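The listed protein sequences derive, respectively, from chains A, B and C.
Every letter in the first sequence is one number past the one before it in UniProt numbering, and letter 28, counting from 1, is 28.
Every letter in the second sequence is one number past the one before it in UniProt numbering, and letter 415, counting from 1, is 415.
Every letter in the third sequence is one number past the one before it in UniProt numbering, and letter 401, counting from 1, is 401.
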Amino acid sequence: MKNKLYYGAAYYPELWNSEVIEQDIQEMLRLGINVVRIGEFAWSRMEPEMDLIDLGFFRRILDRFHAEGIDVIFCTPTPTPPIWMTHGHPERLHVNAEGKRMSHGSRQHCCMNHPFFRERCRIIVENIAKELGRHPALIGWQIDNEFHCHVGECFCDTCKSLWPYWLQGKYETIEALNDAWGTDVWSERYLSFDQVPQPIPTPFYHHASLTTAYQMFAREKVAEFLEEQADIIRKYSDAPITHNTNRAFKLDNERMFKRLDFASFDDYPDCDSYEDMLLNYDLFRNVKPGVPFWVMETSTSHNGHLHGYMKPHRNGFLEVEAVAAYAFGAGGFNHWLWRQQRSGCEMTHGSVLSAWGEPSVGYPGVQAVSKVRQALEPLILKSEPQQAEVAMTYSDRARVFLSTESLDRLNYLQLVNRWHSQLMWAGLHRDLIFEEAVLDGYKLWLTPFVPYLPQHLTEKGLAFAKQGGIWIVGPLTGYRTGEHTVPTNAALGELERICSFHTRAVYPISGTNAQGVAFGVRAPLGYYSAVFDETSNTRTVGWVEGGVTPGAAFIQEVPWGAGKIVLVGSTPQGKGGDEMLRAMFCYYADKAGVSLRFHSTQGTVVAPRVGEGRIIWVVVNMDGNGGSLELPCPADDLLNGGTVPAGPVRLETYEYRVFGLHS
Amino acid sequence: MKNKLYYGAAYYPELWNSEVIEQDIQEMLRLGINVVRIGEFAWSRMEPEMDLIDLGFFRRILDRFHAEGIDVIFCTPTPTPPIWMTHGHPERLHVNAEGKRMSHGSRQHCCMNHPFFRERCRIIVENIAKELGRHPALIGWQIDNEFHCHVGECFCDTCKSLWPYWLQGKYETIEALNDAWGTDVWSERYLSFDQVPQPIPTPFYHHASLTTAYQMFAREKVAEFLEEQADIIRKYSDAPITHNTNRAFKLDNERMFKRLDFASFDDYPDCDSYEDMLLNYDLFRNVKPGVPFWVMETSTSHNGHLHGYMKPHRNGFLEVEAVAAYAFGAGGFNHWLWRQQRSGCEMTHGSVLSAWGEPSVGYPGVQAVSKVRQALEPLILKSEPQQAEVAMTYSDRARVFLSTESLDRLNYLQLVNRWHSQLMWAGLHRDLIFEEAVLDGYKLWLTPFVPYLPQHLTEKGLAFAKQGGIWIVGPLTGYRTGEHTVPTNAALGELERICSFHTRAVYPISGTNAQGVAFGVRAPLGYYSAVFDETSNTRTVGWVEGGVTPGAAFIQEVPWGAGKIVLVGSTPQGKGGDEMLRAMFCYYADKAGVSLRFHSTQGTVVAPRVGEGRIIWVVVNMDGNGGSLELPCPADDLLNGGTVPAGPVRLETYEYRVFGLHS
Amino acid sequence: MKNKLYYGAAYYPELWNSEVIEQDIQEMLRLGINVVRIGEFAWSRMEPEMDLIDLGFFRRILDRFHAEGIDVIFCTPTPTPPIWMTHGHPERLHVNAEGKRMSHGSRQHCCMNHPFFRERCRIIVENIAKELGRHPALIGWQIDNEFHCHVGECFCDTCKSLWPYWLQGKYETIEALNDAWGTDVWSERYLSFDQVPQPIPTPFYHHASLTTAYQMFAREKVAEFLEEQADIIRKYSDAPITHNTNRAFKLDNERMFKRLDFASFDDYPDCDSYEDMLLNYDLFRNVKPGVPFWVMETSTSHNGHLHGYMKPHRNGFLEVEAVAAYAFGAGGFNHWLWRQQRSGCEMTHGSVLSAWGEPSVGYPGVQAVSKVRQALEPLILKSEPQQAEVAMTYSDRARVFLSTESLDRLNYLQLVNRWHSQLMWAGLHRDLIFEEAVLDGYKLWLTPFVPYLPQHLTEKGLAFAKQGGIWIVGPLTGYRTGEHTVPTNAALGELERICSFHTRAVYPISGTNAQGVAFGVRAPLGYYSAVFDETSNTRTVGWVEGGVTPGAAFIQEVPWGAGKIVLVGSTPQGKGGDEMLRAMFCYYADKAGVSLRFHSTQGTVVAPRVGEGRIIWVVVNMDGNGGSLELPCPADDLLNGGTVPAGPVRLETYEYRVFGLHS
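Listed below in structure tokens is the structure:
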């Protein structure tokens, strides 16, 4: 990939005639678009009939773009198999949990595990990689697109036949599975792997271990499909490979990105949900350390389909969305899509140009982004995001556990979104990291909402604390085993045994009117909770008042080496709970010696970067209400020139500033 | 049909013994019932076993009614095939969009397109037509009943096999279909017609063109079934033919009524939803110009089934419901049903008599209607409804488009209901007309919520304006092609090209806080919207304030010949929006020289009629709150005698007056 | 069963190793647990492979319990067939009304009527009965568990094939069925029994008679399965047999308990829904007169599963739950469950011990119950519940009718719950009784919400009134026949004919703004209602004001012999309606000479018992707010000693007192 700050759009030349394509290229040049993403839905143009593969059209398109200096990300077209793949072959179609078989007419309707589908995917991918792998316009690959954005686990006969083999690979003997899962409950015990059902309809809920295992199985199979494509591409191309993912899809992102070269995702915030967008930046920046991530898709104004849309962005938002993306670590920022679809089911989706070739409602925002991209490019290319001192684990596996066992109808994404936001509004710079990430450089580590704490995480946390770090464990962490059962050695399993704290009870505290008191704040407690007894080697910092266990602890410190482990057993709720979370985060950030902190009003964020020996703060008003930031020292104004004294800086609606700090 | 004002009820002699039937006839005579509708659910009585057809029972029933001077509408019994039709033959059953196959036990469970079902329908209809077609009691035919009231499109194998032929008939070549639909999106492209799926479950929404086409296909097939029956009946009978329809069912009423002789529909308002009932009168009056429509079914007090019912009418409502029906053009007003069902799933439905033969809660209302029918008959028979000067297009095809693409979860019926009501409360007499209706005699024409504006409509509108008419186009009109794609020549397609206005953008304005200001009224704007730029040949009369396109136009006039075209690009919302609509309607009614206007309080309506050289106004308080009307000139009180001076006339709760205007 | 007051828990030794089992037994002894329930989910432990039956494990477990003096209720394991029952045999699985076939992985997934399943059930039950039928630890049997707690009627092919035979057994000829059901409606008429469908999906609702009959069929089949097991057990054991039922399941409890020896049920109130729990005590006490019922399952604090839980009880509630149970007639009070499940789908359910062997959050409550059980045992064993003078009929058949025809979305359980609560808060002691119960000893009898009043009930009521009793009939009673059709002789059928009152109309009064005025109270009226005309032999005590039948009666007395029949035609709503109900109950209790009445504050209840020639009142504050009771005479304080004077007695939060009344 070239040393550029990329701004681009998804482009579908297969949908338009050559005259329109030429108009589009001219308009791209006028707008400063320097990259397009192509190909992910174009299989029927590449191979209209089976084995009739012709990629000439796309090679010529890449030639044209290259001639104009526009780079290309090319995608494999596997999300949209042509009609010859499935017509007359229902056995190749995805079947959902209700037993409903999908049909051609949309996308992702094939079972990804069907051998014929897989074979045809290998063939088309190999052809593309051969034909375009060394094309000078090509700067990167995207494999497939938004895996599982419309579908979840598949329940077709192919998957049914693969499932016992997967189980056998994991458990070796059926006795081991029965023991691990505890299948004597309700006489579920199996005599052979082929008897273990897919979690299809049954009178009540399926066994938790089964449901969790099936989700893991499905996620592994997606990853294998991705890896298979990556291996083929690498034979013919050195360009870096990514997948356009999204946290909301049913995937194991940690596993998937191991075999990829850079991170990318789609992101469709509306202008009032920018906090979760910033979480994505804080997470995907760390997926491939040192490699910029891409916002592979974002709307110019609103997304839309036949039956709804998000409200269009307020004017000014798109510009700060892009500024924040680049500042927090994006190397590319791409719109979906260049030209409004003239047909299909996404005709109302925002775009750069309308279907009739005129500027869309989002066009002025695109012009503004193009301008600021140019202004930022030298600053961004010569610096890189500063590592945070605070890390929070983000786990797709934890999400699976909370999907199998939602307890208070918990939603993992909403839970971590809230914690992330409160970290942000506590003024703490933060990295979200996958389970296997190393903790070097961090001082405070949080692992909330991780029902199963694998041994390697526990060991990592203990070592981290021993060396002076503070590890905040919980809430809703450690109360399940890796097999999705209840620990039988202690409420919170191995951690409780090692650290010698004592859980008094684990129970649903919601509805009992229990209040938590900690860090000078009082808030209602909720969700499935662990409450603790005071012991000689623990220090209680949060107490339960009222409810059925008054006087119990719900936040407790266990001193550990030079640091400590902080057990958070229950979840403070509501506005008071937010306040308590911020107070807790600040308290332990202080204790841990976290120095990278910001004093800004809520709605205004700071992206710290390091480059050429100095610290750069990109400050952005994200909520459109304006705000202010306390500059800790004088700073150069890197966009407008001049020097700004230490002290408060005011930002207007959707204003952003770039400061080079003195010191 | 005789020169009578009809009042009747649905009657099911097949459910009762001869003693009860005789009691019923005597009670009908006492009540002044002069017509009954018979036969629509009686197939198993006519043909209890296949080919064992005996219509003697019904012939004798018609003899009895004829002897008593009660006329009969006879129905074909095709909505309720007997058990021998489907037992052991699942392939003859309707299959819904979820793939669920219906069973015997209710009605409409057969696929209407199955050849065996169709053959048996032809046989029973021919037998009935032969046996009863010249019976002196018979004054009309009803084909089937409430097509598609419980089911929508069918997805059975018969329909699956017919679908490619229908497509081929329409597109001739698969290339033409691919081009028209734009199937390169998501690689949906088809190689042959038999590959085009029915819109059964797929991971996301189906292609809009496919979904719209399948709905059109299904509606055409219903119409063909109707036409087949009509053709058979006409061989043996001269009595006029109708179908008992309802706007809420999934039908193409415009096509269906082309081949029928008079319009009829069922109508189950509760006493607070009379506005939509009046819309039906304003529409069906114009379906067969010059021929009175029939309210073929309405409750005496409330409808009901096993799991719910509407609230019973307030006392007095039934009387004004009938008065309004007759005054607005009904030739018949029929209850469903005469005697409460003693079994089945509609036992709680209101009726004239209870299952045990006593007056129901609705009986006093029936007595009142019978009395007023007699009083009105001479007035109604010697006059006819006055044509309106304002017409609004009602389109089942538009409804299909908004079903395929509901955008803001729009409901076509609610949208047009609202516009109709505001026309009414603006004091404008109005006709609702189908797409192909001629515009002779109208001065103001509205085509709101018609996503696709066919060429013939555009041409009609331009000619209408050229000759001095005002055509109000939109909102939500013209932004799609007939293939349910986006126009690529201009935002609003051909109309925009011809009239040379300019759409700045089409986007969802909901949620952006945009306000519309027009005709001195301010209101929030909502729904998918087009906003316009001011050009040399347009005059802006409604501006957008706030939101993402402040300063754009949302109502714009294009002068055209002696008249003008008024583009309405967005939908004003809420009470302010209602006020804006009324202001706009009055403004353009003034401009267009509409003279037929009423000044009455909301809830009180006027049905204008012409007869024997004078204007008759039937004034009815519909809401039960009383109201008043400004008489423009002195008038004769045609019900009570005497003369009433010009000026305000007060109406009490559910009062009605009939005035012969002096002028 | 021994002369003990039992306190126990459900125990699953098959899930734990011998070391854990020994710890559990020791803890049970410490806690005073004197009974465990075992076996209902253990089939795969008893017969891991087909015909490999070994009950040695359970015999040894019973030996151990017997050695420790802990008695055992043993269950047949038929709710959880092992995998060999269904793997490869989809035809043995339950199919729900939507046609969805269940799978192994939960419980109750087999069709109970499948011959192979039934054969295997007979074999395992016979083996168990033989092996354990005379074991000295065994004090009782439970057949299966919570029939139909997760499933409703089955629609599999086995059930499809049994259904015509059941119909033939009931109607003999298809003509009789057609006549009884009135199948001429919608041409539904059948030519043979095998044509009558199961109520699977059809375009609208099925015929009411069909839906009701299918529910009756399914309930009879469950009862037959139960009876089959009971017959086998009785061959080898004299221990009494029960089933653990619940009013919410789809069962005919009256039929089922005829062949059982004692009543038992599960009950999972949260601490704020204790009123419905008390209804269970008032009902199941009377199911097997003279035999104590068992609360076979109740939580120690909260129930729970993968996706939710009830809120834990406030501290103190569990103790009064147990006191109320024993006082109102329970001989046993059992928790579900002893040790938290470590796997499956109920891991979050409250228990006595946690999965890791420590006291749960409910443990202190269990300690308290154990203590009070000891204190109460001598008092309870030497007395028995006092019969009430007020009886209300509870009918699972009525529930079926309201399920088939829910009218205003009525829920039978909620309707009777409300009437029971208002009886309780009117200070009336009450028995709930099944339809066939005798009325000896009662003075006031209520039959609300019984759509079909069988002849034997009518005759019983007339005889009861003749002899001086007061029979309150309605609301929603008597308006349907036993075939679920409308009576054709009179609105309320035979009763109306015999008693010569006159129903003016039956209609949905909801939404008409009708008010009821009776007993000095005014309240809105709702639901499907009958209103009456005043006749010479009736006395109106409740009038309708407003609505569509102003001036009609809705409560009317018919003097009958020495007593009277009170017709209640409509349901008073809201708080005013509650007040009217209490006023009506008190008024007729006075008229009927009901003397067993309490004056306590709402939330505090009295369980009257008789023993050793005196009256004992167990007074319990159930709502946790404290309360008071007016003692009608001095009394001995049987728990704390001393004498308490007549007059008000104050109870604190969750306090209970036991008084031996003087006189």
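For every residue, glycine included, the Cβ atom is placed at its ideal position computed from N, Cα and C.
Because the structure is a prediction, the values reported are computed rather than measured.
Quiz prompt | alpha helix (DSSP H) segment containing residue 460(B), residue limits | solution = For residue 460(B), the enclosing alpha helix (DSSP H) stretches over residues 455-466.
Quiz item: Within this structure, are the beta carbons of residue 83(A) and residue 195(B) separated by less than 8 Å?
Solution: Against a cut-off of 8 Å, the Cβ pair of residue 195(B) and residue 83(A) comes out as a contact.
Quiz item: What residue does the beta strand (DSSP E) around residue 574(C) start on, and which one ends it?
Solution: It is not in any beta strand (DSSP E) - residue 574(C) instead sits in the alpha helix (DSSP H) that spans 574-592.
Quiz item: Could you check where the beta strand (DSSP E) with residue 139(A) kicks off and where it finishes?
Solution: First-last of the beta strand (DSSP E) with residue 139(A): 138-142.
Quiz item: Bridge partners of residue 280(A), per DSSP?
Solution: Answer is none; residue 280(A) lacks a bridge partner.
Exercise. Run the CB neighbour count on residue 397(A), radius 10 Å, all protein chains shown included, and call it buried at 16 or more, exposed below.
Key: By the neighbour-count definition (other C-beta atoms within 10 Å, threshold 16), residue 397(A) is a buried residue.
Practice problem: Under 8 Å by Cβ, that's how I've got residue 190(C) and residue 178(C) pegged, so tell me the actual separation to the nearest angstrom. | Solution: Rounded to the nearest angstrom, the Cβ distance from residue 190(C) to residue 178(C) is 6 Å, consistent with a contact under 8 Å.
Quiz item: If you draw a straight line from the C-alpha of residue 516(C) to the C-alpha of residue 510(C), how long is it?
Solution: Between residue 516(C) and residue 510(C), the C-alpha separation is close to 12 Å.
Practice problem: Check the Cβ-Cβ distances between residue 463(B) and every residue of chain C, and say whether any is below 8 Å. | Solution: So no, residue 463(B) is outside the interface.
Practice problem: Could you name the residues of the stretch 296-322 of chain C whose beta carbon sits closer than 9 Å to any beta carbon of chain A, in the order they occur along the chain? | Solution: Here the close residues are 301, 302, 304, 305, 306, 307, 308, 309, 310, 311, 312, 313, 314, 315.
Quiz item: With distances taken between CB atoms, is the gap from residue 107(C) to residue 79(C) smaller than 8 Å?
Solution: Yes, the Cβ-Cβ distance between residue 107(C) and residue 79(C) is below 8 Å.
Quiz item: So which of 117(A), 422(A), 232(A) has the shortest CA-CA distance to residue 279(A)?
Solution: The candidate whose alpha carbon is nearest that of residue 279(A) is 422(A).
Exercise. Assign residue 338(A) to one of three DSSP states: helix, strand, or coil.
Key: Looking at residue 338(A) - three-state DSSP - the assignment turns out to be coil, as it is neither helix nor strand.
Practice problem: Establish whether the CB of residue 622(A) and some CB of chain B are separated by less than 8 Å. | Solution: So no, residue 622(A) is outside the interface.
Quiz item: Residues of chain B with CB under 7 Å from residue 526(C), in chain order?
Solution: Ordered by position in chain B, no residue passes the 7 Å Cβ test against residue 526(C), which lies about 11 Å from the chain.
Self-check item: Beta carbon proximity, residue 572(B) to chain A, threshold 8 Å
Solution: No, residue 572(B) does not count as interfacial toward chain A.
Quiz item: Taking 8 Å as the CB-CB cut-off, is residue 498(A) touching chain C?
Solution: So no, residue 498(A) is outside the interface.
Exercise. Please confirm if residue 39(B) has its CB atom under 8 Å from at least one CB of chain C.
Key: When Cβ-Cβ separations below 8 Å define contact, residue 39(B) makes no contact with chain C.
Quiz item: Under three-state DSSP, which class holds residue 203(A)?
Solution: For residue 203(A), the secondary structure class from DSSP, reduced to helix, strand or coil, is coil.
Exercise. Run the CB neighbour count on residue 175(B), radius 10 Å, all protein chains shown included, and call it buried at 16 or more, exposed below.
Key: Flag for residue 175(B) reads exposed.
Quiz item: With residue 468(A) and residue 562(A) assumed to form a contact (beta carbons below 8 Å), what rounded beta-carbon distance in angstroms separates them?
Solution: Confirmed, Cβ separation roughly 4 Å.
Quiz prompt | Three-way DSSP call (helix, strand, coil) for residue 134(A) in this model | solution = Coil, per DSSP.
Practice problem: Please name the residue in 206(B), 237(B), 136(B), 577(B) whose C-alpha comes closest to that of residue 484(B). | Solution: In terms of CA proximity to residue 484(B), 206(B) leads the group 206(B), 237(B), 136(B), 577(B).
Practice problem: Report the neighbours of residue 103(A) on chain B: residues whose CB is nearer than 7 Å to its CB, in chain order. | Solution: Those are 197, 200, 201, 202, listed as they occur along chain B.
Practice problem: Label residue 388(B) either buried or exposed according to how many other C-beta atoms from any shown protein chain fall within 10 Å of its C-beta, with 16 as the threshold for buried. | Solution: Counting other Cβ atoms within 10 Å of its Cβ, residue 388(B) reaches 16 or more and is therefore classed as buried.
Practice problem: Can you say whether residue 301(A) is buried or exposed, counting buried as having 16 or more other CB atoms within 10 angstroms of its CB? | Solution: Label assigned to residue 301(A): buried.
Quiz prompt | Same chain only: Cβ atoms within 6 Å of residue 657(A), ignoring 5 sequence neighbours per side | solution = Cβ neighbours of residue 657(A) within its own chain (closer than 6 Å, five residues either side excluded): 619.
Quiz item: Which stretch, first to last residue, makes up the alpha helix (DSSP H) that contains residue 222(A)?
Solution: Here the alpha helix (DSSP H) through residue 222(A) covers 208-236.
Quiz item: Counting along the chain, where does the alpha helix (DSSP H) carrying residue 349(C) start and finish?
Solution: Per DSSP, residue 349(C) belongs to no alpha helix (DSSP H) and is neither H nor E.
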